[in-house]
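For reference, the structure discussed in these notes is given below.
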Amino acid sequence: MSYVWQWQLVWDFRGVFIRGAEITATLTFWSLIMGVVLGLVLGMMRSSRLAVLRVPAAVYIDTFRATPILVQLVWIYYALPIVLGVQMGNITAAVVGIGLHEAAYIAEIFRAGIESIDRGQSDAAKSLGMSYGQAMRRIILPQAVRRMVPPFINEFATLMKLTTLGSVLAVNELLHEAENLINNTYRPLEIYTTVALVFGLLIYPFIWLSQRLERRWKQHK
Amino acid sequence: MTETPLIRVRDLRKTFGKLEVLRGVSFDVQRGEVMAIIGPSGSGKSTLLRCLNFLEEYEAGEVLFDSTLVGYRKDAAGRLRPDSERNIRRVRARMGMVFQSFNLFPHKTVLENVTEGPVIVQRAPRAEAEERARALIARVGLTDKLATYPPQLSGGQQQRAAIARALAMQPDAMLFDEPTSALDPELVGEVLDVMRTLANEGMTMVVVTHEMGFARQVADRVMMMDRGEIVELAPPNQIFGAPSSPRTAEFLRRVVH
Numbered sequence: 001m002s003y004v005w006q007w008q009l010v011w012d013f014r015g016v017f018i019r020g021a022e023i024t025a026t027l028t029f030w031s032l033i034m035g036v037v038l039g040l041v042l043g044m045m046r047s048s049r050l051a052v053l054r055v056p057a058a059v060y061i062d063t064f065r066a067t068p069i070l071v072q073l074v075w076i077y078y079a080l081p082i083v084l085g086v087q088m089g090n091i092t093a094a095v096v097g098i099g100l101h102e103a104a105y106i107a108e109i110f111r112a113g114i115e116s117i118d119r120g121q122s123d124a125a126k127s128l129g130m131s132y133g134q135a136m137r138r139i140i141l142p143q144a145v146r147r148m149v150p151p152f153i154n155e156f157a158t159l160m161k162l163t164t165l166g167s168v169l170a171v172n173e174l175l176h177e178a179e180n181l182i183n184n185t186y187r188p189l190e191i192y193t194t195v196a197l198v199f200g201l202l203i204y205p206f207i208w209l210s211q212r213l214e215r216r217w218k219q220h221k
Numbered sequence: 001m002t003e004t005p006l007i008r009v010r011d012l013r014k015t016f017g018k019l020e021v022l023r024g025v026s027f028d029v030q031r032g033e034v035m036a037i038i039g040p041s042g043s044g045k046s047t048l049l050r051c052l053n054f055l056e057e058y059e060a061g062e063v064l065f066d067s068t069l070v071g072y073r074k075d076a077a078g079r080l081r082p083d084s085e086r087n088i089r090r091v092r093a094r095m096g097m098v099f100q101s102f103n104l105f106p107h108k109t110v111l112e113n114v115t116e117g118p119v120i121v122q123r124a125p126r127a128e129a130e131e132r133a134r135a136l137i138a139r140v141g142l143t144d145k146l147a148t149y150p151p152q153l154s155g156g157q158q159q160r161a162a163i164a165r166a167l168a169m170q171p172d173a174m175l176f177d178e179p180t181s182a183l184d185p186e187l188v189g190e191v192l193d194v195m196r197t198l199a200n201e202g203m204t205m206v207v208v209t210h211e212m213g214f215a216r217q218v219a220d221r222v223m224m225m226d227r228g229e230i231v232e233l234a235p236p237n238q239i240f241g242a243p244s245s246p247r248t249a250e251f252l253r254r255v256v257h
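Note that the protein sequences, when read in sequence, are chains A and B. Residue numbers for the first sequence follow the numbering used here, so the first one is 1 and each next one is one higher. Residue numbers for the second sequence follow the numbering used here, so the first one is 1 and each next one is one higher.
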């Protein structure tokens, strides 16, 4: 007996995929903002000369990288209310959890980017009388950002796929919606394939953009 | 003459871990003077130069620039306390620095490199800064490279642009850290020419160099360093003609041949 593909079913339930994709995009957007802002701060702290800044950042980064995000999510949603009395909605909890987790990775991208810039650049900036902030903003970061784009896009793709863990907190993101649909239709192959396709459509434009940017900056040099 | 020196260094000491890089260095640089610093590698020349504008922190002794202590202030008991970032930046901006590896900003054009300091640090109006930058860039012979990015320039052109960038801050003194050591031999001359012109115009200069010809012709005094100490500090004709220290004689014999 050969398998009969039923793609019509996907089309009939397109609303489910669109709704799921919207939630996935929302989760991605807000956790990305959180991860980038917090990651920038942590990354700068991590490359600071002052131990009071560097050590806490290092502890944070290592803790979040060394433990499973699934546990982190569960902890934030179920344990924080007990320990701190902080109760968040499931979408907020998912955004916070993924954002906190990603911040640790993004911090490392920032740190590596900053540290990859030759020390002579900051010497030159200092010799002109620039402050640390001016040197960072005008000289170091503009060069570092170019080197950060490829690993950053990588991380972005990872982050978007991590949002599927929101299903643990019953967030109706794409995968969660798809699994509900599978339970009702028993068509996992069509539905999972469609999920993959939707993720690809969401992520690919950014990969394409990053490659274009890289090429442009290369010509610039 | 009792004029106060522009740069005064007293018993300067610096260690890297257990290694004593500077072991009590004292000297003065007068306004308008050109001082060349020579000596074997690892003798502490570059570290000394970097202490003058506090790119390198020193641990003991003092550096005075125009009678202002650099990097520290003295408390009531006369002990050295770290100075505020602000004061350090202010005194730094009065000394231009030129590096062995140029250190131009690769993401900025030649013109932007030269206007960066005046616009960002001195808050000069952009139009005014650009006008001055163009004049400086013309002086170092790079007018046709205004809109070029540093990676597309030759080493000699990059170093000339770096000199213009430092001059744009209208410094009272210029520090050169082996400015021609990273250059192909045929490009050394164009950079030395710019430096010679600057010296003739009366700029106070401290130049760490391996170019003995330049030291001999342009410097008012030459400092010979070895193992973190000044071996000899004298006018070039004495250093090169009749060195009083056997270590100087030995070093010169090795570099000249």
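The beta carbon of each residue, even a glycine, is placed where N, CA and C say it ideally should be. Here the structure is a predicted model, which means the values were calculated and not measured.
Taking every protein chain shown into account, the CB of B:Lys14 has 16 or more other CB atoms within 10 angstroms, so this residue is buried.
By the beta-carbon neighbour count (other beta carbons within 10 angstroms, threshold 16), A:Asp12 is exposed. For B:Arg10, the uninterrupted beta strand (DSSP E) run begins and ends at 7–16, by DSSP. Under DSSP, the beta-bridge partners assigned to B:Leu22 are B:Lys14. For A:Trp217, same chain residues with a beta-carbon under 6 Å away, outside a window of 5 residues either side, are Arg146 in chain order.
Taking a Cβ-Cβ threshold of 9 Å, the residues of chain A close to B:Ser101 are Asp118, Gly120, in chain order.
Residue burial annotation: A:Ser116 is exposed, with fewer than 16 other C-beta atoms found within 10 angstroms of its C-beta. Runs of the beta strand (DSSP E) lying entirely within the region 148–210 of chain B, each at least 3 residues long, are 173–177, 204–208 in chain order. When secondary structure is reduced to three states using DSSP, A:Ile117 falls in the coil class, being assigned neither helix nor strand.
In this structure, the beta-carbon distance from A:Gly43 to A:Arg111 falls below 7 Å. Boundaries for A:Met160: no beta strand (DSSP E) harbours it, while the alpha helix (DSSP H) harbouring it runs 141–162, taken from the DSSP string. Only exposed fits B:Asp11, as fewer than 16 other CB atoms lie within 10 angstroms of its CB. When the beta-carbon positions are compared, B:Val110 and B:Ala161 come within less than 7 Å of each other.
Going by DSSP, B:Pro243 is part of no alpha helix (DSSP H) at all; its letter is neither H nor E. Within the region 117–151 of chain A, the residues whose Cβ lies closer than 7 Å to any Cβ of chain B are, in chain order, Gly120, Gln121, Asp123, Ala124, Lys126, Ser127, Leu128, Gly129, Met130, Ser131, Gln134, Arg138, Ile139, Pro142, Gln143.
In the structure shown, B:Lys74 adopts extended strand secondary structure according to DSSP, grouped into three states. Burial check for B:Phe16: the Cβ neighbour count within 10 Å stays below 16, so the residue is exposed. Linking B:Gly189 to A:Asp118 through their CA atoms gives a straight-line distance of about 27 Å.
A distance of 7 Å or more separates the beta carbons of A:Leu27 and A:Ala93.
Legend: CB atoms of the region 170–182 of chain B lying less than 9 Å from CB atoms of chain A belong to residues Leu175. The straight-line gap separating the alpha-carbon atoms of A:Glu179 and A:Thr67 is approximately 26 Å. In this structure the region 94–114 of chain B lies against the region 137–147 of chain B, because at least three pairs of beta carbons, one per stretch, are closer than 8 Å. Restricting attention to A:Tyr77, A:Gly89, A:Glu22, the CA atom closest to the CA of A:Leu201 is found in A:Glu22. Under the 7 Å criterion on CB atoms, B:Ile120 is classed as interfacial with respect to chain A. DSSP, reduced to helix, strand and coil, places B:Pro82 within a strand of the structure shown. Under DSSP, the beta-bridge partners assigned to B:Thr68 are B:Phe65. Using a Cβ distance threshold of 7 Å, A:Leu159 and A:Glu214 do not count as a contacting pair. For the region 70–127 of chain A, the continuous alpha helix (DSSP H) assignments of 4+ residues that do not extend past its boundaries occur at 80–83, 90–115, 119–127, in sequence order. Around the C-beta of B:Asp177, 16 or more other C-beta atoms lie within 10 Å, and the residue is accordingly described as buried. The three-state reading of DSSP puts A:Arg212 in helix, counting H, G and I together.
Within the model, the alpha-carbon separation for A:Pro151 versus A:Val96 is close to 22 Å. Beta-bridge partners assigned by DSSP to A:Asp62: none are found. Spanning the alpha carbons of B:Ala36 and B:Gly156 requires a straight line of approximately 20 Å.
Not a single C-beta of chain A is nearer than 7 Å to the C-beta of B:His210. Within the same chain, no Cβ atom closer than 7 Å to the Cβ of B:Arg86 is found once the five residues on either side in sequence are excluded.
One finds Gln121, Ala124, Ala125, Arg138, Ile139, Pro142, Gln143 in chain A with Cβ atoms closer than 9 Å to the Cβ of B:Phe105, taken in chain order.
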